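Numbers given in my numbering equal positions in the sequence shown, counted from 1, plus 19.
Where a beta carbon is used, it is the ideal one built from N, C-alpha and C, also for glycine.
Nothing here was measured: the structure is a model prediction, and the numbers come from that model.
Beneath this line is the structure, given in structure tokens, with notes to follow.
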Amino acid sequence: MTATDVDTVPAVHELRDGRVLVSTDRARLDLDAIHGFLSRESYWAAGVSRETVERSIRHSLCFGAYEDDRQVGFARVISDLATFAYVADVFVLPAHRGRGIGMRLMQCITSHPALQGLRLWALFTRDAHALYRRFGFGDGRYPERLMERRAPPPARG
């Protein structure tokens, strides 16, 4: 494997539907909006540092949802681009929910050329199960095989 093998992901993948654009263009990402939602409004990343958010974005395939050029949603995918993908940090800002933006995010993610043919997709969520089921997600087949290693929560200060 060469260093350029990692660079086989298309530069930008986009899906436009009316006023909503979902794009992997990193230059469009609004780090203030992403960090603000994750650290203050999400149940899964409350208190996360901006540095951690920036590092996670740097090492993930990121999808921003934009309405009239303003970021209103986000998701990222961690993958080896061969067998497995993990969908993480999916959100739509509260004022923009109920209009299909989450569905458009998932359409763009699951249609991304570099993510085709994978054997397994995973995500952890306590909400929006109906949305994810529309894209083929379901209850884990082998919950007795899933293990996780969790670090202690970061100190708040």
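When DSSP labels each residue in this structure, what does residue i get in the three-state scheme?
| i | result |
| --- | --- |
| ARG152 | helix |
| GLY92 | strand |
| GLU86 | strand |
| ASP134 | Looking at the sequence shown, residue 134 is not Asp but Leu. LEU134 falls in the helix class under three-state DSSP. |
| GLU163 | helix |
| ARG35 | strand |
| SER68 | coil |
| ALA114 | helix |
| SER98 | strand |
| ALA104 | strand |
| SER79 | coil |
How big is the Cα-Cα spacing for residue i and residue j?
| i | j | result |
| --- | --- | --- |
| PRO172 | SER68 | 11 Å |
| GLY83 | SER130 | 15 Å |
| ILE169 | ALA104 | As written in the sequence, residue 169 is Arg, which differs from the Ile given in the question. Taking the straight line joining both Cα atoms gives about 19 Å. |
| ARG38 | LEU165 | 40 Å |
| ASP158 | ILE76 | 27 Å |
| LEU48 | PHE110 | 14 Å |
| VAL106 | GLY119 | 18 Å |
| GLY92 | ALA101 | 26 Å |
| GLU86 | GLY117 | 14 Å |
| GLU167 | ALA30 | 32 Å |
| LEU50 | GLU70 | 10 Å |
| ALA52 | PRO132 | 27 Å |
| GLU73 | ASP99 | 20 Å |
| ARG195 | LEU112 | No answer is possible for residue 195: the residues shown for the chain start at 20 and end at 176. |
| LEU134 | TYR62 | 27 Å |
The alpha helix (DSSP H) with residue i in it runs from where to where?
| i | result |
| --- | --- |
| PHE56 | 50 to 59 |
In the DSSP assignment, find the unbroken beta strand (DSSP E) run with residue i in it and report its ends.
| i | result |
| --- | --- |
| ALA141 | 139 to 141 |
Of all Cβ atoms in chain D, is any one closer than 8 Å to the Cβ of residue i?
| i | result |
| --- | --- |
| SER61 | Within the model displayed, chain D is absent; a lone protein chain is all it includes. |
Following a CB-centred definition, is residue i positioned closer than 7 Å to any heavy atom of the ligand GTP?
| i | result |
| --- | --- |
| GLU167 | Ligands in the displayed structure: none, and consequently the ligand GTP is not present. |
Contact defined as beta carbons within less than 8 Å: I believe residue i pairs with residue j. What is the distance between those atoms, to the nearest angstrom?
| i | j | result |
| --- | --- | --- |
| ASP108 | ALA147 | Not quite, the Cβ-Cβ distance comes to about 13 Å (not below 8 Å), so this is no contact. |
| SER79 | ARG95 | 4 Å |
| LEU142 | TYR151 | 7 Å |
| CYS127 | HIS32 | 7 Å |
| ASP36 | ARG123 | 6 Å |
Contact between the stretch 58 to 71 and the stretch 37 to 46 (3+ Cβ pairs under 8 Å): no
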